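Protein chains in written order, with the numbering used here: chain G, 9 to 390; chain B, 9 to 390.
From the three backbone atoms N, C-alpha and C, an ideal C-beta is built for every residue, glycine too.
Bear in mind that the values here come from a model prediction, so they are computed numbers and not experimental data.
Presented below is the structure to which this report refers.
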């Protein structure tokens with residue numbers, strides 16, 4: 009297989025894009041990435057998207073976006089793995105380049121969530137869980153995560169306030185990211201006073217409903233080395249049961265562990281080599297569980313990394329360095345591509361006030377469902 | 009890139025599977041294919057599916073099916089390109105093997121359409137068309153195809169009855185396929201008397217709403233040559249605008265032409281070398297237009313191949329040899345994989361009464377929307 013590099017990145021700001029449809033947002037992100045890469049065409053387009061059908065009445069967004077960006081005719085398709093759709097599309101793009109079948113490919117994550125009403129979004133997000141054995145019982149996706157958080161607090165004798173550091177860190181970093189949805193820092197008191205959504209998950213534990221699109225351009229290292237912004241050192245997918253009750257232990261994300269271990273092996277590194285980690289902090293509980301299963305904290309102690317502020321830009325392991333899902337926002341099918349765009353910013357020294365000094369190795373982990381699909385990418389600087 | 013072969017195939021009968029959910033159907037097809045291939049595990053699973061979210065409230069079917077077939081943990085994701093989702097998943101599987109990243113991968117197309125009510129299915133299928141510029145005007149997917157058929161009849165001075173041969177041929181072949189939804193031959197009079205759906209498309213011009221799952225197992229030629237049932241000689245994707253009114257000519261399927269030409273070039277063949285063609289006959293008009301754009305008939309004369317019965321098993325170009333979308337059935341996201349399963353049956357001499365004698369090269373073409381995504385695979389016998 010050929011080594012694959014990233015030669016361009018682009019993004020729209022994550023926000024409520026009332027004035028733009030899905031195709032317009034994708035267009036803006038792709039055009040920015042093509043300009044960044046200095047290219048005017050590409051061989052193929054892989055779109056990461058989860059909810060265009062449910063919320064927009066529009067499947068078939070691969071060909072739709074390919075046409076709208078002016079590249080009618082090129083290969084295009086959509087890839088879906090719930091909230092891990094963005095990273096899944098990246099993986100398909102990497103396959104296409106690694107195989108030698110294509111040279112320059114575009115990977116665009118896009119999601120348009122705010123044109124729908126709340127119930128539709130809640131139902132749409134629940135399609136990431138097991139419809140027949142979880143959702144049909146009446147539980148929402150945030151409800152499932154609330155059960156996990158409650159169980160975690162009980163089993164490890166953790167208080168809700170201990171999670172505050174995840175939200176504070178995310179908003180602190182988001183404040184310096186012009187593409188973040190929320191650009192205001194919050195205090196711990198803000199977290200403690202936030203409205204409850206699904207006890208114990210409150211508004212500050214939870215990522216927002218939003219719109220956004222991000223794009224990365226891939227090419228083979230041979231022939232594009234001089235234009236490379238980052239190398240893909242590892243790409244690994246692992247799965248678990250959708251239904252949490254089917255797992256051997258609800259508080260151990262086996263797919264995070266497997267995906268991370270495969271990625272470390274591919275990149276020939278250990279967790280201590282990771283300079284920053286774009287964690288899938290859709291909920292604070294997912295950040296804690298991911299840190300544990302990925303090997304950064306012992307079981308039941310992931311939350312301590314927030315308490316001890318090991319996760320800040322100058323901490324032991326900076327996470328959510330551009331705001332994460334909590335503050336940059338979580339346009340679900342686009343998130344995995346935003347994470348890659350942000351790791352590239354860190355590795356190229358373009359992360360501004362949030363720059364992790366000397367960052368050489370960045371990891372991004374995109375999760376579908378409550379840990380049922382986990383896709384880990386490790387990037388290296390040039 | 010590595011050459012890719014097919015080492016196993018499996019399918020469920022296409023029908024109204026009231027007793028089986030999506031995951032059960034996928035399970036049955038995958039198990040049959042694994043048994044056929046003589047394997048008990050695989051590196052990855054790529055699921056072709058279009059409407060699980062809209063009709064079943066279930067996205068994330070990659071991980072769902074991986075778990076349900078007993079392979080929790082393996083890489084899995086869903087690939088979507090409207091009714092071309094099955095072939096799109098095959099293409100991703102081929103990437104994975106060709107790149108050397110995976111060895112044995114499973115590609116499963118699955119669709120569950122009959123648990124939904126009619127309006128939901130109509131709305132779901134319309135997500136293949138342009139939501140903002142076609143569907144929002146009130147037209148259905150069959151309505152769009154009816155406009156194409158009417159225009160074709162007008163422009164080329166063709167009568168509705170001239171299309172009868174496509175339906176008669178499909179049902180004749182389906183009658184000998186135990187996995188077909190409809191296993192009864194029809195007469196031309198049946199076609200002429202069929203209920204009108206969207207004038208001029210009647211019930212016999214149109215493929216049915218149905219459930220089904222099919223699976224193929226891929227592996228690299230090197231190491232699996234002895235177990236190969238067929239070689240993938242070509243795999244090509246091309247796109248067009250979703251909206252028919254955006255095209256230079258509504259009666260020329262540019263993406264069919266481009267996808268076919270790329271496939272012929274890859275396989276180093278010409279159309280005359282094709283021994284059988286699994287055409288995307290979702291509607292009889294699509295069969296006619298596809299035959300023209302793929303180079304088997306001059307413009308405006310595709311329908312003549314039905315009139316002159318050149319499309320039968322012993323004709324110049326056998327099409328829909330196991331019943332096609334019309335008679336085998338069109339469980340939308342699964343269809344592209346069924347086509348491959350049927351080409352493999354022909355190339356291995358297992359097509360029973362429908363065997364195309366001496367078949368060495370088979371072509372399958374899976375179309376999303378009214379020609380907006382076209383994926384062509386050419387297989388060669390071993």
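Can you give me the C-alpha to C-alpha distance between residue 293 of chain B and residue 345 of chain G, rounded to a whole angstrom? For the purposes of this step, residue 293 of chain B is identified with residue 285 of the second chain, where counting begins at 1. For the purposes of this step, residue 345 of chain G is identified with residue 337 of the first chain, where counting begins at 1. Looking at the two C-alpha atoms, the distance is approximately 40 Å.
How about residue 130 of chain B: is its C-beta nearer than 9 Å to some C-beta of chain G? Along the second chain, read from residue 1 onward, the residue named residue 130 of chain B stands at position 122. With 9 Å as the cut-off, residue 130 of chain B does not count as an interface residue toward chain G.
Helix, strand or coil at residue 129 of chain G [DSSP, three-state]: As a first step, residue 129 of chain G must be located in the first chain, where it is residue number 121. Of the three classes helix, strand and coil, the one that applies to residue 129 of chain G here is helix, per DSSP.
Given that a residue counts as buried once 16 or more other Cβ atoms are within 10 Å of its Cβ, and exposed if not, what is residue 19 of chain G? Along the first chain, one-based indexing puts residue 19 of chain G at 11. Result: buried.
Listing by chain order, which chain G residues have their CB less than 8 Å from the CB of residue 381 of chain B? In the second chain, the residue the question calls residue 381 of chain B occupies position 373. Neighbours of residue 381 of chain B on chain G, chain order: 68, 70, 71, 84 and 85.
Residue 382 of chain G versus residue 199 of chain B - alpha carbon distance: In the first chain, counting from the first residue as 1, residue 382 of chain G sits at position 374. In the second chain, counting from the first residue as 1, residue 199 of chain B sits at position 191. C-alpha separation (whole angstroms): 50 Å.
Suppose the cutoff is 6 Å on Cβ atoms and the five residues either side in sequence are ignored; what does the same chain contact list for residue 270 of chain G look like? Numbered from its first residue, the first chain carries residue 270 of chain G at position 262. 244, listed in sequence order.
What number of angstroms, rounded off, separates the C-alpha of residue 65 of chain G from the C-alpha of residue 333 of chain G? By 1-based counting over the first chain, the position of residue 65 of chain G is 57. By 1-based counting over the first chain, the position of residue 333 of chain G is 325. Those two C-alpha atoms are separated by around 25 Å.
List the whole-angstrom C-beta distance separating residue 129 of chain B from residue 217 of chain B, where the pair is believed to meet the contact cut-off of C-beta under 8 Å. Position 121 of the second chain, counted from the first residue, corresponds to residue 129 of chain B. Position 209 of the second chain, counted from the first residue, corresponds to residue 217 of chain B. Confirmed, Cβ separation roughly 5 Å.
Outcome for residue 204 of chain B when other beta-carbon atoms lying within 10 angstroms are tallied against a minimum of 16: What you label residue 204 of chain B is simply residue 196 of the second chain in a count that begins at 1. It is exposed - the Cβ of residue 204 of chain B has fewer than 16 other Cβ atoms within 10 Å.
Alpha carbon to alpha carbon, how far is residue 357 of chain G from residue 105 of chain B? Your numbering for residue 357 of chain G matches position 349 in the first chain. Your numbering for residue 105 of chain B matches position 97 in the second chain. Cα to Cα, the separation comes out at about 36 Å.
Hey, quick one: how far does the alpha helix (DSSP H) through residue 388 of chain G stretch, first residue to last? Numbered from 1 along the first chain, position 380 holds the residue referred to as residue 388 of chain G. Run containing residue 388 of chain G: none in the alpha helix (DSSP H); it sits in the beta strand (DSSP E), 381-389.
Spell out whether any CB of chain B is found under 9 Å from the CB atom of residue 117 of chain G. Here residue 117 of chain G refers to the residue found at position 109 of the first chain. False, the Cβ-Cβ gap to chain B never drops below 9 Å.
Does chain G have any CB closer than 9 Å to the CB of residue 224 of chain B? Residue 224 of chain B sits at position 216 when you count from the first residue of the second chain. Cβ-Cβ to chain G under 9 Å: no for residue 224 of chain B.
Whether or not the stretch 325-339 of chain G and the stretch 352-370 of chain G are in contact is what I'm after, with contact meaning three or more pairs of Cβ atoms, one per stretch, closer than 8 Å; do they touch? The stretch 352-370 of chain G is in contact with the stretch 325-339 of chain G.
Uninterrupted beta strand (DSSP E) stretches inside the stretch 271-327 of chain B (no shorter than 3 residues): If one requires a minimum length of 3 residues, the beta strand (DSSP E) runs lying completely within the stretch 271-327 of chain B are 284-286, in chain order.
Is the distance from the Cβ of residue 286 of chain B to the Cβ of residue 373 of chain B below 9 Å? On the second chain, residue 286 of chain B is found 278 positions in, with the first residue counted as 1. On the second chain, residue 373 of chain B is found 365 positions in, with the first residue counted as 1. For residue 286 of chain B and residue 373 of chain B, yes; Cβs fall inside 9 Å.
With 16 other Cβ atoms within 10 Å as the buried cut-off, status of residue 351 of chain B: The residue labelled residue 351 of chain B in the question sits at position 343 within the second chain. By the neighbour-count rule (16 or more Cβ atoms within 10 Å), residue 351 of chain B is buried.
Which two residues bound the contiguous beta strand (DSSP E) that contains residue 247 of chain G? Position 239 of the first chain, counting from 1, holds the residue named residue 247 of chain G. Residues 238-247.
CB of residue 259 of chain B within 9 Å of CB of residue 112 of chain B, strictly: For the purposes of this step, residue 259 of chain B is taken as the residue at position 251 of the second chain. For the purposes of this step, residue 112 of chain B is taken as the residue at position 104 of the second chain. Cβ distance not < 9 Å, so residue 259 of chain B and residue 112 of chain B don't count as in contact.
Determine the chain G residues that contact residue 369 of chain B at a beta-carbon separation under 9 Å, and present them in chain order. Within the second chain, residue 369 of chain B is the residue found at index 361, counting from 1. Here the premise fails: no neighbours, minimum Cβ distance about 21 Å.
Could you tell me which chain G residues have their CB closer than 7 Å to the CB of residue 266 of chain B, listed as they occur along the chain? For the purposes of this step, residue 266 of chain B is identified with residue 258 of the second chain, where counting begins at 1. What residue 266 of chain B touches in chain G: 81.
Does DSSP put residue 222 of chain G in a helix, a strand or coil? Sequence index remark: in the first chain, residue 222 of chain G carries index 214 (1-based). Under the three-state reduction of DSSP, residue 222 of chain G is assigned to strand.
Any beta carbon of chain G sitting closer than 9 Å to that of residue 135 of chain B? The count along the second chain starts at 1 and reaches residue 135 of chain B at position 127. Residue 135 of chain B counts as touching chain G.
Give me the subset of the stretch 93-111 of chain G whose CB atoms are less than 7 Å from a CB atom of chain B, sorted by chain position. 96, 100, 103, 104, 106, 107, 108 and 109
Simplified DSSP assignment, three categories, for residue 56 of chain G: For this step, residue 56 of chain G is matched to residue 48 along the first chain. Correct three-state label for residue 56 of chain G: strand.
What are the uninterrupted segments assigned as beta strand (DSSP E) that are 3 or more residues long and contained completely in the stretch 150-221 of chain G, given in chain order? 204-206
Using a Cβ-Cβ cut-off of less than 9 Å, give me the residues of the stretch 234-250 of chain G that come near chain C, in sequence order. Given the protein chain composition of this structure (G and B), no chain C is represented.
Out of G/161, G/188 and G/99, which one is the CA nearest neighbour of residue 359 of chain G? The sequence position of residue 359 of chain G within the first chain is 351, counting from 1. Selected option, being the one with the closest Cα: G/188.
For the 8 Å Cβ check, are there 3 or more pairs between the stretch 132-141 of chain G and the stretch 53-65 of chain B? yes
Output, in chain order, the set of chain B residues within a Cβ distance shorter than 8 Å of residue 89 of chain G. Here residue 89 of chain G corresponds to residue number 81 of the first chain, with the count starting at 1. Per Cβ cutoff of 8 Å: 68, 70, 71, 84, 85 and 86.
Cβ pair residue 90 of chain G, residue 136 of chain G closer than 9 Å: Numbered from 1 along the first chain, position 82 holds the residue referred to as residue 90 of chain G. Numbered from 1 along the first chain, position 128 holds the residue referred to as residue 136 of chain G. Yes, these two residues count as a Cβ contact at 9 Å.
Quick one: grab the DSSP three-state call for residue 139 of chain B. The count along the second chain starts at 1 and reaches residue 139 of chain B at position 131. DSSP places residue 139 of chain B in coil when its eight states are reduced to three.
Hey, out of B/51, B/59 and B/32, whose CA is closest to residue 72 of chain B's CA? Taking the first residue of the second chain as 1, we reach residue 72 of chain B at position 64. Nearest option by C-alpha distance: B/32.
Helix, strand or coil: which one does DSSP assign to residue 112 of chain G? For the purposes of this step, residue 112 of chain G is identified with residue 104 of the first chain, where counting begins at 1. In this structure, residue 112 of chain G counts as coil in the three-state DSSP scheme.
Specify whether the stretch 24-42 of chain B and the stretch 171-179 of chain G touch according to this definition: at least 3 beta carbon pairs, one from each stretch, less than 8 Å apart. no
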